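Below is one structure, written out as structure tokens; the observations come after it.
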Amino acid sequence: MRLLEDMRNGIERNEFVLEYQPQLDLSSGRVCGVEALVRWEHPQFGRMMPGQFIPLAEDAGSIKLLGRWVLNEACRQMKAWLETGYELETMGVNVSARQFRDASWIDDVLKALESNGLEPRFLELEITESHLIQDKFYAVQVMEQLRELGVGLAIDDFGTGYSSLSAISEFPLNRLKIDQTFIDKTSSDDKARGIARAIVSLGQVLDLDVVAEGVETADQLDFLKAIGCAKGQGYFLGRPVAAADLEETLARKA
Numbered sequence: 434m435r436l437l438e439d440m441r442n443g444i445e446r447n448e449f450v451l452e453y454q455p456q457l458d459l460s461s462g463r464v465c466g467v468e469a470l471v472r473w474e475h476p477q478f479g480r481m482m483p484g485q486f487i488p489l490a491e492d493a494g495s496i497k498l499l500g501r502w503v504l505n506e507a508c509r510q511m512k513a514w515l516e517t518g519y520e521l522e523t524m525g526v527n528v529s530a531r532q533f534r535d536a537s538w539i540d541d542v543l544k545a546l547e548s549n550g551l552e553p554r555f556l557e558l559e560i561t562e563s564h565l566i567q568d569k570f571y572a573v574q575v576m577e578q579l580r581e582l583g584v585g586l587a588i589d590d591f592g593t594g595y596s597s598l599s600a601i602s603e604f605p606l607n608r609l610k611i612d613q614t615f616i617d618k619t620s621s622d623d624k625a626r627g628i629a630r631a632i633v634s635l636g637q638v639l640d641l642d643v644v645a646e647g648v649e650t651a652d653q654l655d656f657l658k659a660i661g662c663a664k665g666q667g668y669f670l671g672r673p674v675a676a677a678d679l680e681e682t683l684a685r686k687a
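Written as structure tokens, this is what we have:
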């Protein structure tokens, strides 16, 4: 109860911040996109990571207010970077299960885009695979509406949600993000390498972009390049950082 009350006040007091993790084109090393990750600078408990407060916000219904703030801030920052001249393709924003089921959520997405003057094609919403298969018919309806707006859609943590291949082909997606548990094991596990290779091939067949999450070693990066994975993100490629710190990287690479 204390954290929930603090959360409502914290949004008003600007205690929440976004950090941005770069996504790289593996063939060129160019920063092609970013993923927005929310942090809570709690006045008593210090920095809190999403796993410490997002489940609580979902259970209590506070995720709508927080999610609306994240969307607006991510769109504002992306617009600022584009106006500066940085050639970024997408700003990834995670979507919680409760947000995805909220009938008014699409309006929140539209308002965030319009109020910040951001073209929809620069926003990519990341939806966990397990959320989609709970109600495939509803998920397709919502995703079709978002696609009509021009917003990009990605399945996050792909490979862990047990969805069928037929279901994946029906979702109006732009991108698959290979779950980091598979990438982590590619250095020592033949099955993990096989799964990663299969997901990359699946993406190519379905004309979907593929991003490998959790790239943490040079060996993993070399393997991903060898199997034709287009993009990646992870600590080896770039940690989540404040907007100003990422701008230094973008300016240097430019």
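Per my numbering, the sequence shown starts with residue 434, numbered consecutively.
The C-beta atom is built at its ideal place from N, Cα and C for all residues, glycine as well.
A quick note: this is a predicted structure, and the numbers were derived from the prediction, not measured.
What does residue i pair with, by DSSP beta-bridge criteria?
i: F591; result: I611
i: N527; result: E559
i: Y571; result: DSSP, once it has assigned bridges, lists no residue as partnering Y571.
i: P553; result: None; P553 has no bridge partner.
i: F481; result: Reading the sequence as shown, one finds Met at residue 481 and not Phe. M481 pairs with W473.
i: L451; result: V471
i: D458; result: K664
i: G466; result: Q456, T523
i: G518; result: Per DSSP, none; premise fails for G518.
Would you mind giving the Cβ-Cβ distance between residue i and residue j, rounded to the nearest angstrom? I have them listed as a contact below 8 Å.
i: A629; j: T619; result: 6 Å
i: N549; j: C508; result: 4 Å
i: V526; j: L558; result: 6 Å
i: D612; j: E646; result: 6 Å
i: R672; j: Q454; result: 7 Å
How many Å lie between residue i and residue j at the Cα?
i: L459; j: E438; result: 43 Å
i: R608; j: G636; result: 8 Å
i: G661; j: V648; result: 15 Å
i: A625; j: D617; result: 8 Å
i: S495; j: D590; result: 24 Å
i: V450; j: G484; result: 15 Å
i: A493; j: N442; result: 15 Å
i: S563; j: V674; result: 28 Å
i: K569; j: A600; result: 8 Å
i: S468; j: G667; result: Here the sequence assigns Glu to residue 468, which means Ser is not the residue at that position. Those two C-alpha atoms are separated by around 11 Å.
i: L639; j: F478; result: 45 Å
i: L546; j: W538; result: 13 Å
i: E452; j: A631; result: 31 Å
i: N505; j: E603; result: 29 Å
i: F555; j: L679; result: 17 Å
i: M434; j: R480; result: 19 Å
i: V575; j: W502; result: 21 Å
i: A684; j: P488; result: 36 Å
i: L551; j: L470; result: 19 Å
i: L515; j: L582; result: 20 Å
i: F486; j: G518; result: 35 Å
i: G627; j: I588; result: 20 Å
i: S694; j: Q456; result: An answer regarding residue 694 cannot be provided, because it is not within the stretch 434 to 687 covered by the chain.
Let's test the definition: count the other Cβ atoms within 10 Å of the Cβ of residue i and tell me whether it reaches 16, buried, or not, exposed.
i: L498; result: exposed
i: T523; result: buried
i: V633; result: buried
i: S586; result: According to the sequence shown, residue 586 is Leu rather than Ser. With 16 or more Cβ atoms within 10 Å of its Cβ, L586 is classed as buried.
i: Q532; result: buried
i: S529; result: buried
i: D642; result: buried
i: A663; result: buried
i: M440; result: buried
i: Q567; result: exposed
Please confirm if residue i has its CB atom under 8 Å from at least one CB of chain B.
i: I444; result: Given the protein chain composition of this structure (a single chain), no chain B is represented.
Check whether the Cβ of residue i lies closer than 7 Å to any heavy atom of the ligand SAM, and answer yes or no.
i: L565; result: Among the ligands in the structure shown, none appear at all, so the ligand SAM cannot be discussed.
Secondary structure, alpha helix (DSSP H): runs of 4+ residues fully inside the stretch 640–679:
List check, alpha helix (DSSP H) in window: 651–659.
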